[in-house]
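Trainee: Mind looking over this structure? Questions follow.
Number of protein chains: 2
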Amino acid sequence: MSLTNATPLEVAQAARLGSRKLAVLSTEDRNAALTAIHKALADGKDQVLAANAKDLEAANKAAESGTLSQSLVKRLDLGKKGKYEDMLQGILDVRELEDPTNKTTARTLLDDNLTLSRITCPIGVLLIIFEARPEVIANISALAIKSGNAAILKGGKESSHSFAAIASIISSALSTTAVPSNCLQLVQTHDVIADLLKLDEYIDLCIPRGGNKLVRMVKDTTTIPVLGHADGICCTYLCSDYPADKATKVIVDAKVSYPAGCNALEQLLVDSSALTTVLPSVASVLLAKGVSLRCDAPSLAALKENLDPHSAALLQPATDADFTTEFLDLILAIKTVSSVEEAISHINAHSSHHTDAILTLSPTVAKPFLAAVDSSSVYWNTSTRMADGQRYGFGTEVGISTNKIHSRGPVGLEGLTIYKWVLVGDAQASADYGDSGRKWKHERLDADGEEWVARNEEEREALRTLRAGN
Amino acid sequence: MSLTNATPLEVAQAARLGSRKLAVLSTEDRNAALTAIHKALADGKDQVLAANAKDLEAANKAAESGTLSQSLVKRLDLGKKGKYEDMLQGILDVRELEDPTNKTTARTLLDDNLTLSRITCPIGVLLIIFEARPEVIANISALAIKSGNAAILKGGKESSHSFAAIASIISSALSTTAVPSNCLQLVQTHDVIADLLKLDEYIDLCIPRGGNKLVRMVKDTTTIPVLGHADGICCTYLCSDYPADKATKVIVDAKVSYPAGCNALEQLLVDSSALTTVLPSVASVLLAKGVSLRCDAPSLAALKENLDPHSAALLQPATDADFTTEFLDLILAIKTVSSVEEAISHINAHSSHHTDAILTLSPTVAKPFLAAVDSSSVYWNTSTRMADGQRYGFGTEVGISTNKIHSRGPVGLEGLTIYKWVLVGDAQASADYGDSGRKWKHERLDADGEEWVARNEEEREALRTLRAGN
Numbered sequence: 333m334s335l336t337n338a339t340p341l342e343v344a345q346a347a348r349l350g351s352r353k354l355a356v357l358s359t360e361d362r363n364a365a366l367t368a369i370h371k372a373l374a375d376g377k378d379q380v381l382a383a384n385a386k387d388l389e390a391a392n393k394a395a396e397s398g399t400l401s402q403s404l405v406k407r408l409d410l411g412k413k414g415k416y417e418d419m420l421q422g423i424l425d426v427r428e429l430e431d432p433t434n435k436t437t438a439r440t441l442l443d444d445n446l447t448l449s450r451i452t453c454p455i456g457v458l459l460i461i462f463e464a465r466p467e468v469i470a471n472i473s474a475l476a477i478k479s480g481n482a483a484i485l486k487g488g489k490e491s492s493h494s495f496a497a498i499a500s501i502i503s504s505a506l507s508t509t510a511v512p513s514n515c516l517q518l519v520q521t522h523d524v525i526a527d528l529l530k531l532d533e534y535i536d537l538c539i540p541r542g543g544n545k546l547v548r549m550v551k552d553t554t555t556i557p558v559l560g561h562a563d564g565i566c567c568t569y570l571c572s573d574y575p576a577d578k579a580t581k582v583i584v585d586a587k588v589s590y591p592a593g594c595n596a597l598e599q600l601l602v603d604s605s606a607l608t609t610v611l612p613s614v615a616s617v618l619l620a621k622g623v624s625l626r627c628d629a630p631s632l633a634a635l636k637e638n639l640d641p642h643s644a645a646l647l648q649p650a651t652d653a654d655f656t657t658e659f660l661d662l663i664l665a666i667k668t669v670s671s672v673e674e675a676i677s678h679i680n681a682h683s684s685h686h687t688d689a690i691l692t693l694s695p696t697v698a699k700p701f702l703a704a705v706d707s708s709s710v711y712w713n714t715s716t717r718m719a720d721g722q723r724y725g726f727g728t729e730v731g732i733s734t735n736k737i738h739s740r741g742p743v744g745l746e747g748l749t750i751y752k753w754v755l756v757g758d759a760q761a762s763a764d765y766g767d768s769g770r771k772w773k774h775e776r777l778d779a780d781g782e783e784w785v786a787r788n789e790e791e792r793e794a795l796r797t798l799r800a801g802n
Numbered sequence: 333m334s335l336t337n338a339t340p341l342e343v344a345q346a347a348r349l350g351s352r353k354l355a356v357l358s359t360e361d362r363n364a365a366l367t368a369i370h371k372a373l374a375d376g377k378d379q380v381l382a383a384n385a386k387d388l389e390a391a392n393k394a395a396e397s398g399t400l401s402q403s404l405v406k407r408l409d410l411g412k413k414g415k416y417e418d419m420l421q422g423i424l425d426v427r428e429l430e431d432p433t434n435k436t437t438a439r440t441l442l443d444d445n446l447t448l449s450r451i452t453c454p455i456g457v458l459l460i461i462f463e464a465r466p467e468v469i470a471n472i473s474a475l476a477i478k479s480g481n482a483a484i485l486k487g488g489k490e491s492s493h494s495f496a497a498i499a500s501i502i503s504s505a506l507s508t509t510a511v512p513s514n515c516l517q518l519v520q521t522h523d524v525i526a527d528l529l530k531l532d533e534y535i536d537l538c539i540p541r542g543g544n545k546l547v548r549m550v551k552d553t554t555t556i557p558v559l560g561h562a563d564g565i566c567c568t569y570l571c572s573d574y575p576a577d578k579a580t581k582v583i584v585d586a587k588v589s590y591p592a593g594c595n596a597l598e599q600l601l602v603d604s605s606a607l608t609t610v611l612p613s614v615a616s617v618l619l620a621k622g623v624s625l626r627c628d629a630p631s632l633a634a635l636k637e638n639l640d641p642h643s644a645a646l647l648q649p650a651t652d653a654d655f656t657t658e659f660l661d662l663i664l665a666i667k668t669v670s671s672v673e674e675a676i677s678h679i680n681a682h683s684s685h686h687t688d689a690i691l692t693l694s695p696t697v698a699k700p701f702l703a704a705v706d707s708s709s710v711y712w713n714t715s716t717r718m719a720d721g722q723r724y725g726f727g728t729e730v731g732i733s734t735n736k737i738h739s740r741g742p743v744g745l746e747g748l749t750i751y752k753w754v755l756v757g758d759a760q761a762s763a764d765y766g767d768s769g770r771k772w773k774h775e776r777l778d779a780d781g782e783e784w785v786a787r788n789e790e791e792r793e794a795l796r797t798l799r800a801g802n
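Protein chains in written order, with this note's numbering: chain A, 333 to 802; chain B, 333 to 802.
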């Protein structure tokens, strides 16, 4: 891990070289590196917290003078009860996951003694740009090493002391392992992001971890593929046949359980037939929980008539902007629709294609909705807050993607891999086939994710020799 | 299919709208559209060939005046024996492939009555930019419709009459089918590419089909993901243990069978121990086939000593540029390496990461090579010319990708799909889990690619109603 004043180009080239070595390390070698990092960070807790205290001091001053938000100061604090231990446990959790590389995911017999295999492998070099949270450096380092990818990490200036301390500890720890230290590059110099984002020859994937503004800036300025999402504008369509108690439970969870989450509900679409039946029950509980309801004309009228006067007084009329805004707050926009078709059209035009849901008992309404809504996650009768890698059972989460290629929705370790095609033959020539008479067999063979390379000790030894070289 | 003077923005928005309808059409409806296109193009052969003749006339004049290459004129000619019929058959071949969408590729029971499914679906809107070959329009239209994607097609000006004729026929044919005609947008206006490449809000994937210069221009100027490869610099590493007859067969096929192909061999790496044993036999056959050999100093010396004087006189010394050039011609650069490690390093630094091969009988040499070479296809004992979607058994080929995300190597229909996560529950709330006491089950269920939506007639009918609406 480099803390030098290398240029962005030097950083990227070093990461690329490191990635070549890391890509052929065994599962055991990569896991051993995670064990070493975990131990070093556990041993170095005082050192990291001392550095973190410096960042916090500067951040508190900035907050007092009004140039930094209090929520950012909170995110900086590694000393908060359990936070450092969670960071350490996260490294071990990643270590325990299945190795996502070196797996055979498809096999075809093209001809006798000519077998094609699709083998998962690391992507190469990741560029991770993140904002305040200093624990991300440990999390991302663990994910990168586990998946065999080199990573360039660019942190925010508010956490520079914490980053330097964690980086220095990880660097020392790596030097005792088989993982080359140039696989993790920490960049702290100012104003290098623009230069890094140009280096698509050396960097394969960019993952911005931060707010809307950061993600948009990255997406708009680089030809490197970007994994992530800018907005989380999630919608739920409530049908009249859905029981009020269930609707209330799901919608309250989606809006209230963590309003700052990208999977929080921002727009409730209500079928016109549900305005005076299910909606009032749901709305009264939301209002009691302190949620501001911004209602279109029909829903406003229906609620004013069907809620007690005290609650009804809290209702607000919606503006057009409320249907294109990510509130990240206890605010919910409510729109009336007359059919599932209208709900689908509204969602495809106004949601951020993150997570959208329908609440209905009818499969003939739900299934077309699930098929036609063009979002990374589409739900039937549950809360949009379910969109999360841990909840999906991935063990960890790289991020949530609204991309239309590679990985979509919550992304686990698999999203940090790609594949290569390995073809093993016995001197077959392409010109033998087709007009020359030989026919392709194209027989699909089993491929149950078995390990591809290094199946016996001799081959493992050869691979070790290769890893030791340059 | 639009031939109007719509702006690039209008074109992209229309394609996006069309894509929403196309995405929920049944397999049968999309196949029926392919049948209709096939019939219309078969019936309209004379009309297309008359238009094509106009393009050819202009191209021949341009070729005579030296502003157009003869090979481009050849690629324009749809009247060449069998070419039109191949184009027609290609549409039927695509129709017969398995529908790549609406398949369940993973299922997890998150909790009782809470099942997560990963369902394949179309990407959305494709932008295809192609050069001379007018038959590509039929091929791409078929691939787009089969995979449920809308497509914006931008052809080269040399084939404008042919494109207009084919487009008009396809457009009429589509109007009799369930596929909305705005799903295929033909763009012929000049200088719209730059504008289209900015519309990442409406276009999900760009596929440039043409030469190196086109692909580089596209990759360098858009934030839309690009599927393709700029160069095809393929290498083969020849070890001394590999029999001369087999080596000759594989290397001659890789270099000579189609030198203009992106998978043709451009660089032969020879182990120093094979310089005077296997290499001379291979080289003499290559020279006899008219291949210019551009040799580094050790291979030049070895061949001069071991070939007959007449053949040896044809050898040329290699320059550095020969190891970064895609010749697309009967030229082969030869470099001597002292180990598999050196071969791997050279390939990772000099190949275009398309397809690279090793020729050896030793698994302990081959396996580390296959693991460490960072290319989309890596081969052991066969010809780089095998890199092709038809040969891999995909039935068709969208292109060959050297990307590190989404699709790598020859890309079949699957490369035009992504997935969505569908979660079906019964009013579960996220806040019930974790600290609140409920535990995730995360039980993996079978998911054998079964069809997701429209499993019974009632649901099919609901989907049909949806398709008919706006």
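Note that the Cβ used here is the ideal one computed from N, Cα and C, for glycine as well.
#1: Establish whether the CB of Tyr724 of chain A and some CB of chain B are separated by less than 8 Å.
#2: Asn680 of chain B touches chain A at which residues, Cβ-Cβ below 8 Å?
#3: Do we get a CB-CB distance below 8 Å when we pair Ser589 of chain A with the residues of chain B?
#4: When the Cα atoms are used, what is the spatial distance from His738 of chain B to Pro641 of chain A?
#5: Does Pro557 of chain B come within less than 8 Å of chain A when only Cβ atoms are used?
#6: Which chain B residues sit within Cβ distance under 9 Å of Thr440 of chain A?
#7: With distances taken between CB atoms, is the gap from Lys595 of chain B to Thr687 of chain B smaller than 8 Å?
#8: Helix or strand or just coil, what does DSSP make of Asn337 of chain A?
#9: Would you kindly work out how many angstroms separate the C-alpha atoms of Asn434 of chain B and Val588 of chain B, rounded to a whole number?
#10: With 8 Å as the threshold, decide whether the Cβ of Arg717 of chain B is near any Cβ in chain A.
#11: For Arg352 of chain B, which three-state DSSP category applies?
#12: Determine the direct distance from the alpha carbon of Lys530 of chain B to that of Lys551 of chain A, and round the result to whole angstroms.
#13: Out of curiosity, what's the CA-to-CA distance linking Glu417 of chain B and Ala464 of chain B?
#14: Out of curiosity, what's the CA-to-CA distance linking Ala372 of chain B and Gly721 of chain B?
#15: Taking C-beta pairs closer than 7 Å, name the residues in chain A that His738 of chain B reaches, listed in chain order.
#16: Straight-line CA distance for Ala499 of chain A to Leu441 of chain A?
#17: Along chain B, in chain order, which residues have C-beta atoms closer than 7 Å to that of Ile750 of chain A?
#18: For a contact defined as C-beta to C-beta under 7 Å, what are the partners of Val710 of chain B on chain A?
#19: Any beta carbon from chain B within less than 8 Å of Gln345 of chain A's own beta carbon?
#20: Roughly how many angstroms separate the alpha carbons of Ser670 of chain B and Cys453 of chain A, rounded to a whole number?
#21: At the 8 Å Cβ level, is Asp361 of chain B part of the contact set with chain A, yes or no?
#22: Between Ser500 of chain A and chain B, is any beta-carbon pair separated by less than 8 Å?
#23: What residues from chain B crowd round Ile455 of chain A, counting only those whose CB sits closer than 7 Å?
#24: Leaving out the 5 sequence neighbours to the left and right, which residues in its chain are closer than 8 Å to Ile679 of chain A when beta-carbon positions are compared?
#25: Based on the DSSP secondary-structure assignment, which residues constitute the bridge partners of Arg626 of chain B?
#26: To the nearest angstrom, how far is the alpha carbon of Ala391 of chain A from that of Pro466 of chain A?
#27: Which residue spans inside the stretch 401-439 of chain B form an unbroken alpha helix (DSSP H) run of at least 4?
#28: Return helix, strand or coil for Thr804 of chain A, following the three-state DSSP convention.
#29: Buried or exposed for Ala304 of chain B, please, with buried defined as at least 16 other CB atoms from any protein chain shown within 10 angstroms of its CB.
#30: How big is the Cα-Cα spacing for Leu341 of chain A and Leu528 of chain A?
#31: Is the beta carbon of Ala526 of chain B sitting closer than 8 Å to the one on Val457 of chain B?
#32: May I ask which residues mark the beginning and end of the alpha helix (DSSP H) holding Val617 of chain A?
#33: Express the C-alpha separation of Ala355 of chain A and Gly801 of chain A in angstroms, rounding to a whole number.
#34: Does any residue of chain B have a CB that is nearer than 8 Å to the CB of Ser707 of chain A?
#35: Taking any Cβ of chain A, which residues in the stretch 595-613 of chain B have a Cβ under 9 Å from it, in chain order?
#36: Whose CA, out of B:Leu388, B:Thr399, B:Ile690, lies closest to the CA of Gly411 of chain B?
Mentor: Well, looking at it:
#1: Working through the first sequence from its first residue, we reach residue 724 of chain A at position 392. With 8 Å as the cut-off, Tyr724 of chain A counts as an interface residue toward chain B.
#2: Working through the second sequence from its first residue, we reach residue 680 of chain B at position 348. Within chain A, the residues near Asn680 of chain B are Arg352.
#3: Sequence index remark: in the first sequence, residue 589 of chain A carries index 257 (1-based). It does; some Cβ of chain B falls within 8 Å.
#4: Position 406 of the second sequence, counted from the start, is the residue given in the question as residue 738 of chain B. Position 309 of the first sequence, counted from the start, is the residue given in the question as residue 641 of chain A. Taking the straight line joining both Cα atoms gives about 55 Å.
#5: Walking along the second sequence from the start, residue 557 of chain B turns up at place 225. Answer yes: the Cβ-Cβ gap between Pro557 of chain B and chain A drops below 8 Å somewhere.
#6: As a working note, residue 440 of chain A is residue 108 in the first sequence. Correct list: Tyr724, Gly725.
#7: As a working mapping, residue 595 of chain B is identified with position 263 in the second sequence. As a working mapping, residue 687 of chain B is identified with position 355 in the second sequence. For the sequence presented, residue 595 of chain B should be read as Asn rather than Lys. Contact: yes.
#8: Indexing the first sequence from 1 puts residue 337 of chain A at position 5. Correct three-state label for Asn337 of chain A: coil.
#9: On the second sequence, position 102 is the one that residue 434 of chain B refers to. On the second sequence, position 256 is the one that residue 588 of chain B refers to. Each residue's alpha carbon lies about 42 Å from the other.
#10: By one-based count along the second sequence, residue 717 of chain B stands at place 385. Closer than 8 Å: yes.
#11: In the second sequence, residue 352 of chain B corresponds to position 20, counting from 1. Helix.
#12: Here residue 551 of chain A refers to the residue found at position 219 of the first sequence. Here residue 530 of chain B refers to the residue found at position 198 of the second sequence. Cα to Cα, the separation comes out at about 12 Å.
#13: For the purposes of this step, residue 417 of chain B is identified with residue 85 of the second sequence, where counting begins at 1. For the purposes of this step, residue 464 of chain B is identified with residue 132 of the second sequence, where counting begins at 1. Distance between the alpha carbons of Glu417 of chain B and Ala464 of chain B: 18 Å.
#14: Within the second sequence, residue 372 of chain B is the residue found at index 40, counting from 1. Within the second sequence, residue 721 of chain B is the residue found at index 389, counting from 1. Their backbone Cα atoms lie some 27 Å apart in a straight line.
#15: As a first step, residue 738 of chain B is located in the second sequence; it is residue number 406 there, counting from the start. By Cβ distance, chain A contributes Ile737, His738.
#16: Taking the first sequence and counting its residues from 1, one reaches residue 499 of chain A at position 167. Taking the first sequence and counting its residues from 1, one reaches residue 441 of chain A at position 109. Taking the straight line joining both Cα atoms gives about 47 Å.
#17: Here the question's residue 750 of chain A lines up with position 418 in the first sequence. Those within 7 Å of Ile750 of chain A in chain B are Lys736, Ile737, Arg740.
#18: Locating residue 710 of chain B in the second sequence gives position 378, counting from the first residue. Going along chain A in sequence order, the residues near Val710 of chain B (Cβ under 7 Å) are Lys752, Val754.
#19: Taking the first residue of the first sequence as position 1, residue 345 of chain A is located at position 13. No - not a single Cβ of chain B is within 8 Å of the one on Gln345 of chain A.
#20: In the second sequence, the residue the question calls residue 670 of chain B occupies position 338. In the first sequence, the residue the question calls residue 453 of chain A occupies position 121. Approximately 27 Å between the Cα atoms of the pair.
#21: Numbered from its first residue, the second sequence carries residue 361 of chain B at position 29. No, Asp361 of chain B does not count as interfacial toward chain A.
#22: Position 168 of the first sequence, counting from 1, holds the residue named residue 500 of chain A. Cβ-Cβ to chain B under 8 Å: no for Ser500 of chain A.
#23: On the first sequence, residue 455 of chain A is found 123 positions in, with the first residue counted as 1. By Cβ distance, chain B contributes Lys736, Ile737.
#24: The sequence position of residue 679 of chain A within the first sequence is 347, counting from 1. Excluding positions up to five away in sequence, the list reads Cys567, Tyr569, Leu601, Asp688, Val705, Ser707.
#25: On the second sequence, residue 626 of chain B is found 294 positions in, with the first residue counted as 1. Answer is B:Gln648, B:Ala665.
#26: As a first step, residue 391 of chain A must be located in the first sequence, where it is residue number 59. As a first step, residue 466 of chain A must be located in the first sequence, where it is residue number 134. Rounded to the nearest angstrom, the two C-alpha atoms are 13 Å apart.
#27: 402-408, 415-428
#28: Here chain A comprises residues numbered 333 to 802, so residue 804 of chain A is not present and cannot be evaluated.
#29: A question about residue 304 of chain B goes unanswered here, because the residues of chain B that appear run from 333 up to 802.
#30: As a first step, residue 341 of chain A is located in the first sequence; it is residue number 9 there, counting from the start. As a first step, residue 528 of chain A is located in the first sequence; it is residue number 196 there, counting from the start. If you take the alpha carbons of Leu341 of chain A and Leu528 of chain A, they lie about 7 Å apart.
#31: What you label residue 526 of chain B is simply residue 194 of the second sequence in a count that begins at 1. What you label residue 457 of chain B is simply residue 125 of the second sequence in a count that begins at 1. Their beta carbons are not under 8 Å apart, which means Ala526 of chain B does not touch Val457 of chain B by this criterion.
#32: As a working mapping, residue 617 of chain A is identified with position 285 in the first sequence. First-last of the alpha helix (DSSP H) with Val617 of chain A: 610-620.
#33: Residue mapping note: residue 801 of chain A aligns to position 469 of the first sequence, counting from 1. Residue mapping note: residue 355 of chain A aligns to position 23 of the first sequence, counting from 1. Annotation note: pLDDT 49 at Gly801 of chain A (below 50); position unreliable, no value reported.
#34: Taking the first sequence and counting its residues from 1, one reaches residue 707 of chain A at position 375. Closer than 8 Å to some Cβ of chain B, the Cβ of Ser707 of chain A qualifies, so yes.
#35: Asn595
#36: As a first step, residue 411 of chain B is located in the second sequence; it is residue number 79 there, counting from the start. For Gly411 of chain B, the nearest C-alpha among the options comes from B:Leu388.
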